[in-house]
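Down below is the structure, laid out as structure tokens.
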Amino acid sequence: MEASDFDDFYAASFRRVTGQVYAMIGDLDEATECTQEAFARAWAHRRKLDKAEYPEAWVRTTAYRLAVSRWRRRKRGERAPDRALQDVRAAAAVDESHVALVAALKQLPEAQRQALVLHHIADLPVHQVAAEVGVPEGTIKARLSRGRTALAALLADESGLAGGGVTHA
Amino acid sequence: MPEQQHDPIEELSRFGAGLSTGPGGGEMPLSAADVRRRGDRIRRRRTALVTGAAALAVAAVTVPVLALSQGDAKRDDTLVANDPALSVRDLLADADTELQVGRTGAFRTSETTQGDGQATVQVCQQQKLASLGASNSITRRYRYVPEVVAGETPPDVVGDGLVETVAQFASPDSARSAYDRFGAWLRDCPKPVADATDARVIPARAADVPDGSEAHIYDIQWKDATGEPTIGEVGLLLQDERIAIVAVTVYGASDYNYLPEDGGSPLDRMLPKAAERLRPGGAAAPAPAPSATVTDPVDAPAGTELPDDLPLADGWPEIDGDGSLEGPARDQEPFSFAPCGTDVPDAPEPADRITARWQEPEDFRGRQLSSYTSAAEARRAADAIVNAYRACPDGPRDDAGYVSHHTVADGDLGDESWVLGRSSTFDGAPAPGLDVTYVVRVGNTLLLITGAGEGGGSDPAGDILTTASAMADESTALLTSLCRFAGSTCAG
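Chains A and B, in that order, give the protein sequences. Per our numbering, the first sequence starts with residue 126, numbered consecutively. Per our numbering, the second sequence starts with residue 94, numbered consecutively.
In structure tokens form, the structure reads like this:
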């Protein structure tokens with residue numbers, strides 16, 4: 126992948142991937158930072174990326190994994206988040222209606238939330254979600270079914286949203 | 094019905110559509126060029142990744158009783174094993190080191206010193222170990238051997254890699270006191286390196302070490318002068334009357350690297366081995382077999398006719414449209430060397446020879462295998478080349494203003510080996526372009542592995558080591574076959 130190709134890829138995919146990661150983790154600043162780091166790693170591993178069938182999926186998976194890893198580490202050690210990248214400005218707030226949706230998503234189990242985001246937000250077919258997550262298609266279908274039901278209940282019950290705002294995942 | 098008011102699929106889809114058509118995902122904090130620059134740093138740091146000692150140590154001016162490569166491990170032991178309490182066998186061997194999961198032997202010993210010397214050694218150390226009651230201590234520095242991707246420019250290597258100090262005390266209480274004191278120094282460490290910013294020490298975590306030992310790992314995070322995030326891991330290990338301090342610094346690493354589910358941090362993996370080494374009696378644990386143990390060549394049982402099926406061109410990248418592969422064949426032009434403009438004679442005359450060359454516009458690789466009537470003859474052929482390099486550290490300035498420089502270092506392949514490097518400077522500054530030759534004697538054969546490329550522009554010494562390491566990795570199959578053919582015990 127040449128620099129110009131990467132720049133086009135970054136410009137076309139950054140917001141989308143950031144939004145998807147945000148939906149998965151519920152923290153826009155963290156999603157922005159992890160996505161940025163994932164793109165940097167994508168450039169560092171561009172030979173590998175050239176061979177990837179879906180480069181955006183590679184970046185998304187990397188960003189999500191980074192975010193989860195950071196969250197786990199902070200949870201385990203109560204560490205302050207490291208700022209690997211400089212100049213991460215406060216990300217612009219997303220549409221207000223999306224805040225409630227993301228807050229509801231945060232109430233779901235991680236696996237259900239991931240399946241919902243990949244299938245309904247990233248618009249991936251079930252088999253591709255299964256491939257990206259690394260579980261059988263049947264498992265994804267079950268997670269989608271349970272996730273949709275749970276999400277509907279959470280959206281219906283505004284009081285079910287913890288604080289109604291976005292906190293660190 | 095609440096569900097009728099909030100269709101989750103519709104909400105999710107709307108969110109997804111907003112990401113594609115609107116500002117949904119938020120702003121891009123960095124430009125694509127900035128992200129690429131960050132990626133380039135990651136790549137360089139990922140493969141170079143480390144300095145430990147150089148960044149962390151406080152100019153240890155110690156007496157280098159030992160400055161040995163891995164291949165000298167036996168001499169290493171002989172010199173220090175007279176001390177019944179502590180020996181170099183209590184230190185991590187090269188094969189014990191592991192930076193990335195599963196890649197053992199990531200570091201090579203660069204220097205082993207005894208005693209405190211004139212300065213403290215470890216990061217945040219405020220007093221010499223002798224001041225804490227240590228009756229003896231040994232410190233070993235290791236340099237990182239970065240992973241090199243075939244066909245790519247070797248990464249930068251910054252300084253040394255890893256440093257371990259082991260110390261002996263008069264009693265367990267004394268060792269415990271020193272262990273606690275060191276921990277306090279680390280907890281209160283204000284600045285791990287002079288130009289660090291945003292430094293902070295993460296509360297220590299207990300390390301998983303064998304029974305009878307106690308260990309804690311301290312993570313110190315900071316940003317270097319360029320703003321690059323850096324993690325310095327320091328492991329403290331207590332075992333009866335001994336302590337060990339192991340420190341590694343990882344540039345370009347953030348707090349999401351080295352998670353337990355990924356195999357843990359370098360010290361998570363190396364401290365248990367350090368504990369085994371430090372354990373009284375653990376010194377008897379087998380050290381990794383030195384790969385260069387033959388000091389007086391002896392005649393090998395092998396014949397002089399080289400097998401046709403030796404994989405002389407194995408491990409090289411595929412040739413693309415602009416490249417060429419010549420050989421392996423017996424009718425190839427032999428390699429020639431002329432440091433300082435003086436041709437090195439091709440003597441003694443080989444009994445048999447096979448040569449292969451791989452060439453692309455900016456890279457060259459070559460291998461030449463020669464057999465001789467005896468191991469001593471093979472050694473003489475090696476000496477002719479090695480001594481010519483030694484005799485010419487700096488060549489004359491050529492017509493274009495470039496000055497060639499030649500270096501010789503011990504290698505760790507075959508029965509004995511040397512790494513020859515040639516780099517150049519222009520107006521005193523390193524200039525791109527270097528070539529490296531690994532001279533490897535195996536029994537009565539001499540293998541020359543050579544490579545040339547555009548490295549050397551910023552760190553010639555590091556590039557030479559990196560190139561040599563990459564060439565060695567590429568030649569694994571050949572060396573294994575050669576050791577077998579020559580009847581040598583070398584591992585290849």
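Just so you know, even glycine gets a beta-carbon here, dropped at the ideal spot from N, CA and C. Remember, predicted model here, so these are calculated numbers, not experimental data.
When the Cα atoms are used, A/Arg190 and B/Tyr237 turn out to be separated by approximately 27 Å.
Counting only the Cα atoms, B/Gly580 lies some 53 Å from B/Asp288. Ranking B/Gly526, B/Ala468, B/Asp491, B/Pro400 by CA distance to the CA of B/Phe457 puts B/Gly526 first. By the neighbour-count definition (other C-beta atoms within 10 Å, threshold 16), B/Lys284 is an exposed residue. B/Ala475 and B/Leu539 do touch by the CB rule: their CB atoms are close to 6 Å apart, below 8 Å. Only residues of its own chain outside the window of five on either side were considered, and among them Val227, Leu230, Val242, Ile246 have a CB closer than 7 Å to the CB of A/Ala148, listed in chain order. Identification of chain B residues near A/Arg273 by a Cβ-Cβ cut-off of 8 Å yields Pro101, Ile102, ordered along the chain.
For B/Ser464, the enclosing beta strand (DSSP E) has its first and last residue at 456 to 464. Bounds of any alpha helix (DSSP H) do not take in B/Trp409, whose DSSP letter is neither H nor E.
Taking the Cβ atoms as the reference, B/Thr190 lies roughly 6 Å from B/Tyr235, within the contact range of under 8 Å. For B/Gly356, same chain residues with a beta-carbon under 6 Å away, outside a window of 5 residues either side, are Val194 in chain order. For the C-beta of A/Tyr189, not a single chain B residue is nearer than 8 Å; the gap to the nearest is close to 12 Å. Any Cβ of chain B closer than 8 Å to the Cβ of A/Ala255 would place that residue at the interface, and such an atom is absent. Assigned with DSSP and collapsed to three states, B/Thr435 falls in coil, not helix or strand. The C-beta of B/Phe457 comes no closer than 8 Å to any C-beta of chain A.
Excluding five sequence positions before and after A/Ser138, the CB atoms of its chain that fall closer than 7 Å to its own CB belong to Glu181, Val184, given in chain order.
Annotated three-state conformation of B/Gln314 is strand, per DSSP. Within 9 Å of the CB of B/Ser106, the CB atoms of chain A belong to His245, Ile246, Asp248, in sequence order along the chain.
Per DSSP, the beta-bridge partners of B/Leu418 are B/Trp451. For A/Leu226, the chain B residues whose Cβ falls inside 8 Å of its Cβ are Glu104, Leu105, Phe108, in order along the chain.
Distance from the CA atom of A/Phe164 to the CA atom of B/Leu222, rounded to whole angstroms, is 45 Å. Looking at the DSSP output, B/Gln207 shares a beta bridge with B/Ile231. Three or more pairs of CB atoms, one per stretch, sit closer than 8 Å, so the stretch 126 to 146 of chain A contacts the stretch 121 to 134 of chain B. DSSP places A/Ala163 in the helix class (H, G or I) of the three-state scheme.
Residue pairing by DSSP puts B/Trp511 in a beta bridge opposite B/Asp503, B/Val532. Taking 9 Å as the Cβ-Cβ cut-off, the stretch 538 to 567 of chain B has no residue approaching chain A. Here the C-alpha atom of A/Arg140 lies approximately 20 Å from the C-alpha atom of A/Ala240. Among the CB atoms of chain B, none fall inside 8 Å of the CB of A/Asp130.
Interface criterion not met: the Cβ of B/Val286 is under 8 Å from no Cβ in chain A. Contact with chain A is absent for B/Arg362, since none of that chain's Cβ atoms lies less than 8 Å from the residue's Cβ. Between B/Gly328 and chain A, the shortest Cβ-Cβ separation is not below 8 Å.
Between B/Asp183 and the set B/Gln261, B/Thr569, B/Tyr272, the nearest pair of CA atoms involves B/Gln261.
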